[in-house]
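A.B. asks: All you need for the working numbering is the position in the sequence shown, starting with 1, plus 23. Glycine included, every Cβ here is placed at the ideal spot set by N, Cα and C. Before we start, here is the structure in question, set down as C-alpha cells.
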Amino acid sequence: MAMGEMIPAPWGGHLVTSYQLCHQILRDRYWKVPDSGWRTSQPDAKRWSALASQQMGASLPMLNPPHHARMRKSVGNPFSQNSLETLRPSIEIAVERLLDRFVDELHQGPSDFCTIVSEELPVIAVGRWMGLPSSDYSLLRSLTHGQVHTQELFPTPTQLIQSDAATAELRQYFAELIQERRRVLGEDLISSWLRTWDALEPDQDSADQAVHSLALFMILAALGTTSHVLSSTARLLFDDSHHMDWLRCHPEHIPDAIEEVLRYDPPIHMISRVAPEDTELGGVLVREGEMVQLMIGAAQHDPVQYADPQTFDIRRRPPHLGFGAGIHYCLGNALARLEATAVLASLLRRSTRLCISAPPRWAPRVAFRHMTSLQFALA
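Structure representation (C-alpha cells):
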C-alpha cells in the first residue's frame, strides 16, 4: 500500500490496491468486464482470440449489460435457502467420508488435506447439484485445472496450449451431455435450464448454446475457488492451535471464521475491469478501453479499511470482496460457504488433534490461488 492506491502497470493500465477503489469499481456497472468483443479487439490474437479465451469471454462473469442481465436472470437463485437445505445432507455425508479417510491416513503418517478433502469435495458438491455422473468427477477436476491458465495474468505459450486443449474437451463433454438430456428431459439441473432457455429463445441451437455456456462456467467457477477456500481455512485455523481451541468453545463463530479466511486470503487475488470512457480514478486518468487490475488480495489488507490487517482475527466479522461485488458477485458463494462450514464443523467435532507438518505448496499463479499440498500430522 506504500506505493499508493493506483500503480501504473509495466504492461499498460493500472493496478488498483485500495479497498475503497476496488469496491467502487466492482459495484459500478459502467465499468466493463473484458468480454469477447474486447478480447477480439486486442492485438495479441494468439492470447485473446484463442479458444479458451473466447470461451471465457462468452461466460457469465465476462458478459456486460444487457447480455449479463438476460443470462443471469435465466439462472434465478440456484442456491436459495431451500436449495441449500436439500444439498446439505449429501454434502455433510461427503465431508464425513472424506475426513474419515484423511484421519485414517494420518495414523499411517502425514496426510495431504488438499488431495483428500479440498480437491474432492467441490466437484462432489457441484457434480451432484448438476446431476453429473460421479465417474466423470476426476476428469472434470483435471480439465478445470488445465483450463484456468487462460484466466491468469501472464500464461506461458505452453499453458495457453494446455488451456485450449482443456477447453476443447470441456466443450465436447457438455455438448454431448446437452444432447443426451435433450433426448429425454428429466428433473436434473441441465434439463431445467433447457426448459428455461426454450421459453426464452425460439432457436433451439441458441438455447443449447446458452445452456452449454452456463454448465461449463459452473464447473470452472465452482471447483478451483472453493478448493482454495477449504484449503485456506484449514491452513489458517491450524497454523495457530488457539484458533481451533477457541472455536471448539464458540462454534457459533464458525461463519465469522470463514469470512475472515475470505478476507485474509481470498480465492481470487486479481479481477480485471475496462474503462468505458476516459475516467479519473484515485486522481489518475484512465483512458477509454484501458484495463485496470483490481488487486483484491492487497485491498483486503488495506490499513485504511481494516485495523491491523496482517493479523488473522476470526472475531473480526469483516466486510470483504472475497466473492466480488456488484452484478458479478459470485453466484455460488452460498454453496462455497456451506462446504467450508461443513468441513470446519466436522473438524471441530473430532477429538483427533492435528498440526501442519510441512510448508504448504502453491501453484505459481497471480489471480487464482491454488494450494497444491497441505500436509498434516497427528499432534
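Under 7 Å between the Cβ atoms of Q323 and D135?
C.D. replies: Residue 323 sits at position 300 when you count from the first residue of the sequence shown. Residue 135 sits at position 112 when you count from the first residue of the sequence shown. Contact: no.
A.B. asks: Taking 8 Å as the cut-off, does the stretch 51 to 68 touch the stretch 286 to 297 (at least 3 CB pairs, one atom from each stretch)?
C.D. replies: Verdict: yes, contact present.
A.B. asks: Could you check how far apart the C-beta atoms of H168 and A198 are, in whole angstroms? I think they sit under 8 Å.
C.D. replies: On the sequence shown, position 145 is the one that residue 168 refers to. On the sequence shown, position 175 is the one that residue 198 refers to. Actually they do not touch by this definition, with Cβ atoms about 21 Å apart.
A.B. asks: Which of the three DSSP states, helix, strand or coil, is assigned to I350?
C.D. replies: By 1-based counting over the sequence shown, the position of residue 350 is 327. I350 falls in the helix class under three-state DSSP.
A.B. asks: Starting from M314, follow the beta strand (DSSP E) in both directions and report where the run begins and ends.
C.D. replies: Translated into positions along the sequence shown, residue 314 becomes position 291. That run of the beta strand (DSSP E) goes M314 to L317.
A.B. asks: Apart from the five residues just before and just after L193, which ones in its own chain have a Cβ nearer than 6 Å to its Cβ?
C.D. replies: Indexing the sequence shown from 1 puts residue 193 at position 170. So the qualifying residues of the chain are L166 and L239.
A.B. asks: Could you tell me the alpha carbon to alpha carbon distance between W71 and S141, rounded to whole angstroms?
C.D. replies: Here the question's residue 71 lines up with position 48 in the sequence shown. Here the question's residue 141 lines up with position 118 in the sequence shown. If you take the alpha carbons of W71 and S141, they lie about 31 Å apart.
A.B. asks: Does the distance from the CB of Q78 to the CB of T190 come in under 7 Å?
C.D. replies: What you label residue 78 is simply residue 55 of the sequence shown in a count that begins at 1. What you label residue 190 is simply residue 167 of the sequence shown in a count that begins at 1. Contact flag set, yes.
A.B. asks: Starting from the C-beta of H172, find all residues in its chain whose C-beta is less than 7 Å away, skip the five residues before and the five after it, and write them out in chain order.
C.D. replies: In the sequence shown, residue 172 corresponds to position 149, counting from 1. So the list reads P178, Q182, L183, Q185 and S186, once near-sequence residues are dropped.
A.B. asks: Which residues mark the beginning and the end of the alpha helix (DSSP H) in which S250 is found?
C.D. replies: For this step, residue 250 is matched to residue 227 along the sequence shown. Element bounds for S250: Q227 to F261.
A.B. asks: Look up W269 in the DSSP assignment and say whether it is helix, strand or coil.
C.D. replies: Residue 269 sits at position 246 when you count from the first residue of the sequence shown. Three-state DSSP puts W269 in a helix.
A.B. asks: What would DSSP say about W61, mapped onto helix, strand or coil?
C.D. replies: Counted from its first residue, the sequence shown places residue 61 at position 38. The answer is helix: DSSP assigns W61 an H, G or I state.
A.B. asks: Is P383 near R204, with beta carbons less than 7 Å apart?
C.D. replies: Translated into the one-based positions of the sequence shown, residue 383 becomes position 360. Translated into the one-based positions of the sequence shown, residue 204 becomes position 181. No. Outside cutoff.
A.B. asks: By a C-beta neighbour count over all protein chains shown, 10 Å radius and 16 as the cutoff for buried, is I48 buried or exposed?
C.D. replies: Counted from its first residue, the sequence shown places residue 48 at position 25. Answer is buried; the Cβ neighbour count reaches 16.
A.B. asks: Answer yes or no: do P290 and V252 have a C-beta to C-beta separation smaller than 7 Å?
C.D. replies: Working through the sequence shown from its first residue, we reach residue 290 at position 267. Working through the sequence shown from its first residue, we reach residue 252 at position 229. Yes, Cβ-Cβ distance for P290 and V252 is below 7 Å.
A.B. asks: Can you tell me the Cβ-Cβ gap for H292 and M314, rounded? I've got them flagged as a contact below 8 Å.
C.D. replies: By one-based count along the sequence shown, residue 292 stands at place 269. By one-based count along the sequence shown, residue 314 stands at place 291. Contact doesn't hold; Cβ gap of about 16 Å is too wide.
A.B. asks: Helix or strand or just coil, what does DSSP make of A222?
C.D. replies: Translated into positions along the sequence shown, residue 222 becomes position 199. Helix at A222.
A.B. asks: If I follow the unbroken alpha helix (DSSP H) through C45, where does it start and stop?
C.D. replies: Here residue 45 refers to the residue found at position 22 of the sequence shown. First-last of the alpha helix (DSSP H) with C45: Y42 to R50.
A.B. asks: Taking just the CA atoms, how far does E311 sit from A402?
C.D. replies: Position 379 of the sequence shown holds residue 402. Position 288 of the sequence shown holds residue 311. Taking the straight line joining both Cα atoms gives about 56 Å.
A.B. asks: For R325 and F261, what's the separation of their Cα atoms in angstroms?
C.D. replies: Looking up residue 325 in the sequence shown gives position 302. Looking up residue 261 in the sequence shown gives position 238. The sequence given here places Asp at residue 325; Arg does not occur at that position. Straight-line Cα distance between these residues: approximately 24 Å.
A.B. asks: Identify whether S103 lies in helix, strand or coil by the three-state DSSP scheme.
C.D. replies: Numbered from its first residue, the sequence shown carries residue 103 at position 80. Reduced to three states, the DSSP call for S103 is coil.
A.B. asks: If I follow the unbroken beta strand (DSSP E) through L377, where does it start and stop?
C.D. replies: Locating residue 377 in the sequence shown gives position 354, counting from the first residue. Note, L377: beta strand (DSSP E), L377 to I379.
A.B. asks: Using the beta-carbon count (16 or more within 10 Å), is A330 buried or exposed?
C.D. replies: Sequence index remark: in the sequence shown, residue 330 carries index 307 (1-based). Exposed.
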